[in-house]
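Protein chains: 2
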Amino acid sequence: MENGDVDRTLTLLWRRTLGVPQGSRGPKQRFSVDEVLQAGIAVADEEGLPAFSMRKVADRLGLKLMSIYTYVPSRDELIGLMVDEVMGEPGLPPHEGTWRERLTVVARQMWDEFHRHPWLLQVEQSRPWIGPNGSDRYEWQLAAIEGAGFTDLEMDQTITLIGDFTTASARADVAARRMAEQSGISDAEWWAVNAPVLDRLMPPGAYPISGRVGTAAGEEYNAVRDSERSFRFGLDRIFDGLDHMLATRPSNDG
Amino acid sequence: MENGDVDRTLTLLWRRTLGVPQGSRGPKQRFSVDEVLQAGIAVADEEGLPAFSMRKVADRLGLKLMSIYTYVPSRDELIGLMVDEVMGEPGLPPHEGTWRERLTVVARQMWDEFHRHPWLLQVEQSRPWIGPNGSDRYEWQLAAIEGAGFTDLEMDQTITLIGDFTTASARADVAARRMAEQSGISDAEWWAVNAPVLDRLMPPGAYPISGRVGTAAGEEYNAVRDSERSFRFGLDRIFDGLDHMLATRPSNDG
DNA sequence: CCTAACTCCGTATGCCTTACGGTATTTGGT
DNA sequence: ACCAAATACCGTAAGGCATACGGAGTTAGG
């Protein structure tokens with residue numbers, strides 16, 4: 001990756017504030033960058049990131065493979081642009097209520113987004129591109145807890161904490177759904193295949209606590225693991241912990 | 001994936017309890033499954049999962065490409081076996097101290113493991129293979145909070161919470177380290193390249209809170225983001241939240 | 001001693017990204 | 001009005017990947 005490529009990708013990311021840099025000579029491009037991104041997002045939504053290829057994006061637009069490279073420098077950069085693009089979809093509603101309610105909205109927005117675009121969880125961003133929608137969202141997320149009593153440092157750490165947990169939780173849920181839907185094997189069917197083999201392989205009595213806890217979880221949930229409920233459980237614990245931190249602070253003006 | 005493949009992979013995972021199923025005719029295999037896994041782990045450690053290929057595993061053993069397929073059914077299954085293999089490396093020390101201290105050990109073990117084998121974070125396990133080391137670890141993790149006052153359901157949710165958060169936190173840290181080390185671009189250098197471009201592209205004054213918080217974080221940390229510290233921050237909040245749940249429980253015998 | 005079973009491997013298929021060069025098209029400059 | 005530069009689009013090819021298939025050599029059970 002060259003220095004100029006950084007410049008080019010950042011310029012593409014922020015194209016709405018400066019306009020797409022395009023020379024006036026030569027033929028006009030048949031599509032806009034936005035249309036290429038929408039095609040890419042559609043492919044990724046339908047087939048996931050491993051099956052995402054430049055050829056499929058080109059096919060969807062009626063272009064030939066190599067023409068895509070006149071719009072974006074490479075596959076990785078295209079994906080980076082797609083990420084910032086979908087981050088602009090949900091909009092940023094004005095904050096209301098307590099910081100708990102606000103943070104719930106923040107977390108729920110991420111959770112929903114990961115379910116709308118599961119491939120976001122498969123993106124390996126070695127380099128975090130700083131785009132307009134990501135920047136807007138981070139500002140909005142910080143605004144959710146502005147004035148709640150956190151220090152600046154804690155504000156960053158809190159948003160990081162919520163984001164990290166939500167990401168991991170959504171990852172587990174999406175993986176479970178993918179296993180159930182894509183392979184046509186439900187949770188119960190999967191266990192039906194695995195259980196007899198495991199019965200034969202596992203040393204009997206080796207997992208007393210797991211067995212007990214697993215049975216309890218299986219009876220309580222409608223599935224082996226209810227990710228939605230685990231998500232709310234974790235969120236509630238984290239909120240209680242943040243509450244405790246704010247409440248026990250020496251100089252706390254509310 | 002056929003039904004028989006499930007059987008074969010599970011049998012390979014639990015090979016230590018039943019032995020590797022091998023017919024007696026024909027030539028003996030030059031290597032053991034363990035040696036193949038060690039070769040695979042070495043390749044993944046050195047080059048990461050995207051660059052992990054069957055050819056490189058074969059080269060490392062002095063075998064030709066296709067011979068690997070007589071040891072493991074496919075690339076995905078090999079990776080699944082590698083995952084369970086590394087989960088057996090650290091051992092499971094006996095639990096001591098309070099549940100807070102125990103859960104800290106549990107989280108720290110995962111955190112360290114992700115840093116020892118960063119490719120674990122890149123594994124896309126559409127199907128969670130149930131292997132001996134993973135099962136042993138889950139049992140050990142549950143034992144850490146056995147008798148602390150959690151219900152069976154909460155035990156599972158708590159371990160999930162700690163695991164989810166640790167995974168996401170480690171992912172952020174590993175990504176940052178990779179960016180710094182692998183590309184030879186330090187945190188400061190990356191900003192030195194990006195900042196001038198962003199100064200030109202970003203609408204001035206658009207990000208007041210981000211600017212203030214980012215400055216605070218930059219001054220407090222030695223880097224832009226101190227993942228180790230964010231990790232401890234999140235863990236402390238979660239522990240406080242769990243503490244609050246246990247303390248406010250109606251029938252709480254301690 | 002024969003043959004079934006097994007290991008190892010050569011070849012081939014069909015994906016993928018992307019470098020490079022060619023051709024057609026558009027427009028600024030003269 | 002015309003030329004040359006710039007640009008979009010695309011064909012080809014190189015080099016990578018997983019893995020299906022079949023063949024050659026090797027071992028041991030009957």
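Chains as they are written, first to last, in full-length UniProt numbering: chain A, 1 to 254; chain B, 1 to 254.
The beta-carbon is built from N, C-alpha and C at its ideal position, and this holds for glycine as well.
DSSP state of Phe231/B mapped onto helix, strand, coil: helix
Backbone CA spacing between Pro93/B and Gln157/B [nearest angstrom]: 22 angstroms
Residue-level contact to chain B via CB, Gly62/A, 8 angstroms cutoff: no
Residues from the region 150 to 167 of chain B in contact with chain A, defined by Cβ distance under 7 angstroms: Asp152, Leu153, Met155, Asp156, Gln157, Thr160, Leu161, Asp164, Phe165 and Thr167
Expected contact under 8 angstroms - CB spacing of Val72/B and Leu81/B to nearest Å: 7 angstroms
Contact list for the region 188 to 204 of chain A against chain B, Cβ threshold 9 angstroms: Trp190, Val193, Asn194, Val197, Leu198, Arg200, Leu201, Met202 and Pro203
Start-to-end residues for the alpha helix (DSSP H) that takes in Met82/B: Arg75 to Val86
Rounded separation between Glu154/B and Ala217/B - CA only: 34 angstroms
Ile68/A, enclosing alpha helix (DSSP H) - first and last residue: Counting along the chain, Ile68/A falls outside any alpha helix (DSSP H), and DSSP gives it neither H nor E.
Alpha helix (DSSP H) runs contained entirely in the region 117 to 197 of chain B, provided each spans 4 or more residues: 132 to 144 and 152 to 182
Assigned exposure category for Ser32/A - 16 Cβ within 10 Å defines buried: exposed
Chain A contacts made by the region 134 to 147 of chain B, where a contact means CB separation under 7 angstroms: Ser135, Tyr138, Glu139, Leu142, Ala143 and Glu146
CB contact below 8 angstroms: Ala172/A versus chain B: yes
Residue of Arg229/A, Ser24/A, Gln38/A and Thr215/A minimising C-alpha distance to Leu78/A: Gln38/A
Cβ separation of Met245/B and Arg100/A, assumed to be a contact under 8 angstroms, to the nearest whole Å: Incorrect: roughly 15 angstroms between the Cβ atoms, too far for contact.
Counted within 10 angstroms of its Cβ, other Cβ atoms place Tyr69/B as buried (16 or more) or exposed: exposed
Any C-beta of chain A under 8 angstroms from that of Pro118/B: no
Arg171/A classed as buried or exposed, judged by whether at least 16 other C-beta atoms fall within 10 angstroms: buried
Buried or exposed (CB count within 10 angstroms, at least 16 for buried), Glu219/A: exposed
DSSP state of Thr17/A mapped onto helix, strand, coil: helix
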